[in-house]
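The sequence shown maps to residues 54 to 375 in this note's numbering.
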Amino acid sequence: MSFDRSLLATFTETHGHVARIVVAEVQGSAPREAGTAMLVWADGISGTIGGGALEWQAIAAARAQIARGTESAVQRLPLGPALGQCCGGAVTLVTEVWTAARLTELPHTLPGFARRVEGEAQMPLALRRSLAHARRAGTLPRPAFSQGWLIEPLAAEPRATWIWGAGHVGRAIAAVLAPLPDFDITLIDTSESRMPESLPDGVRGLVATEPARLVRHAPKEAEHLILTFSHEIDFALCHALLLHGFSRCGLIGSATKWARFRSRLAKLGHAAAQIDAIACPIGDPTLGKHPQAIAVGVAAQLLKPAQASQSTKKGKRLVTGA
54 MSFDRSLLAT FTETHGHVAR IVVAEVQGSA PREAGTAMLV WADGISGTIG GGALEWQAIA
114 AARAQIARGT ESAVQRLPLG PALGQCCGGA VTLVTEVWTA ARLTELPHTL PGFARRVEGE
174 AQMPLALRRS LAHARRAGTL PRPAFSQGWL IEPLAAEPRA TWIWGAGHVG RAIAAVLAPL
234 PDFDITLIDT SESRMPESLP DGVRGLVATE PARLVRHAPK EAEHLILTFS HEIDFALCHA
294 LLLHGFSRCG LIGSATKWAR FRSRLAKLGH AAAQIDAIAC PIGDPTLGKH PQAIAVGVAA
354 QLLKPAQASQ STKKGKRLVT GA
């Protein structure tokens, strides 16, 4: 997990004072790993640190902290003796109350966000070395807590994910991806009547009577999932996206559909290596064709770090099967 500044900014703009609870340190068995975080405000929550007695107590303490006006607090809890849980470990929770104004003071460029929440005025040597190593390597530091200092990796910008088609599968994929912090989702269809009456939090709806003409407005690094009601619209989107560029692109359909699309795209001048950047089918075909099964397969593929290395000149494969 990472410190997601943009997500926190969204919640502080809406709710004012928002407490962020992070599992700073874990010893032994615990519901969630170090770095897991959730947000709490006066009448709501977002995320989870594992549920159960630990979470309920943490939520109550966070709301009391908001009421007191205390910026940061640290709780060390042995899960068995303190909360009667079966887990034999202990956790350290750091709870910080954020506002939009406080967020403006944060650094923008460091690979990790380090701050003192209690104790020593000077950052421990081990944490300084961790940050220095991350900068040299161009990587993100691991979450760490020592002598009252907390380090978390800073979250990257959300991945722009454009879902072309708001039918059963498109809606299912949007619903599965929406709770994840890494995705900025746009759901597109040809008319208002084809869009769901309500969208999951974090999903943007767009209506485009000619979807292929909308492609030029997509970020070059966006990921695309093509699953409209029309094969001709699907084909036009494939053609437009190959001309425009993308990070990943997946197309719903059978081997026969994809073979026909490949032939037509080649006749339009697209090289075989470029066409190979589009994955078809999407998800994991072994899971079946139920919309939720397709959505789970697509989400699993998008979340696999190994996929980042499977690149082509114009894009990246979304799945390895065809």
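Backbone N, C-alpha and C fix where the C-beta goes; we use that ideal spot for every residue, glycine too.
Who are the Cβ neighbours of residue i in its own chain at under 7 Å, not counting the five residues just before and after it?
i      : result
Glu66  : Ala153
Asp57  : Ala208, Pro234
Arg247 : Ala219
Arg269 : His297
Ala293 : Ala265, Val268
Pro177 : Ser199, Gln200, Trp202
Ala187 : Pro164, Gly165, Leu193, Pro194
Ala359 : In this predicted model, Ala359 has a pLDDT of only 38, less than 50, meaning its place in the structure is not dependable; the value taken from the coordinates is given anyway. Correct list: empty, nothing qualifies.
Going by alpha carbons, who is nearest to residue i out of the options?
i      : options                        : result
Leu107 : Ile98, Val93, Val71, Leu146    : Leu146
Thr148 : Ala72, Lys357, Leu184, Ile204  : Ala72
Pro196 : Thr63, Glu274, Pro164, Pro84   : Pro164
His68  : Trp94, Ala115, Leu184, Val256  : Trp94
Glu205 : Arg313, Gly306, Ile98, Glu78   : Glu78
Leu180 : Arg189, Ala271, Ala167, Gly191 : Ala167
Ala111 : His70, Arg189, Ile74           : Ile74
His343 : Ala325, Val76, Val222          : Val222
Glu18  : Leu304, Ala115, Ala62, Ile347  : Residue numbering for the chain in the displayed model covers 54 to 375; residue 18 lies beyond these limits and cannot be assessed.
Glu263 : Ile347, Phe282, Ile286         : Ile286
Ala126 : Ile347, Asp96, Val76           : Val76
Beta carbon of residue i, beta carbon of residue j: below 9 Å?
i      : j      : result
Ile331 : Leu355 : no
Arg155 : Trp202 : no
Ile279 : Trp217 : yes
Gly103 : Pro84  : yes
Arg212 : Asp242 : no
Ala231 : Val256 : yes
Val150 : Glu124 : yes
His284 : Gly306 : yes
Gly88  : Ser55  : yes
Arg315 : Ile328 : yes
Ala271 : Trp215 : yes
Lys245 : Ser59  : In the sequence as displayed, the identity of residue 245 is Glu instead of Lys. Not a contact, by the Cβ cut-off of 9 Å.
Ala114 : Gln128 : yes
The alpha helix (DSSP H) spanning residue i covers which residue range?
i      : result
Thr243 : Run containing Thr243: none; DSSP gives neither H nor E here.
Arg58  : 58–68
Val144 : Looking at the DSSP string, Val144 is not in any alpha helix (DSSP H); the run it does join, the beta strand (DSSP E), is 143–151.
Gly223 : 221–230
Leu295 : 284–297
Ile328 : 325–328
Leu340 : No alpha helix (DSSP H) holds Leu340; DSSP gives it neither H nor E.
Leu203 : Unbroken run through Leu203 is the beta strand (DSSP E), 202–206; no alpha helix (DSSP H).
Pro264 : 264–267
Might you give, ordered along the chain, the residues of its own chain that have their beta carbon closer than 8 Å to the beta carbon of residue i, omitting 5 neighbours on each side?
i      : result
Gln345 : Ala225, Val229
Ala352 : Ile226, Val229, Leu230, Leu233
Thr365 : Caution applies to Thr365, whose pLDDT of 36 falls short of 50 and renders its modelled position unreliable; the value that the coordinates give is listed next. The answer, listed in chain order, is Ala326, Gln327, Asp329, Ala330.
Ile98  : Met91, Leu92, Ile112
Ser183 : Gly165, Pro194, Arg195, Ala197, Ile204
Excluding the 5 residues flanking residue i on each side, which residues of the same chain have their C-beta closer than 6 Å to its C-beta?
i      : result
Gln80  : Gly142, Ala143
Leu27  : Outside the shown range of the chain, which is 54 to 375, sits residue 27, and nothing can be said about it.
Asp337 : Gly350
Trp311 : Cys333
Phe64  : Val71, Leu92
Gly303 : Leu278, Ala332, Ile335, Leu371
Ala348 : Ala225, Ile226, Val229
What residue does the beta strand (DSSP E) around residue i start on, and which one ends it?
i      : result
Ser11  : Past the boundaries of the shown model lies residue 11; the chain is included only from 54 to 375, so the question cannot be answered.
His277 : 276–279
Pro344 : No beta strand (DSSP E) holds Pro344; the alpha helix (DSSP H) holding it covers 344–356.
Arg169 : 165–169
Arg212 : 212–217
Arg257 : 256–260
*asked:* Please give me, in chain order, every unbroken run of the alpha helix (DSSP H) with length at least 4 that falls completely inside the region 173–200.
replied: 178–190
_beta strand (DSSP E) runs contained entirely in the region 70–139, provided each spans 3 or more residues_ = 71–80, 90–94, 97–100, 125–131
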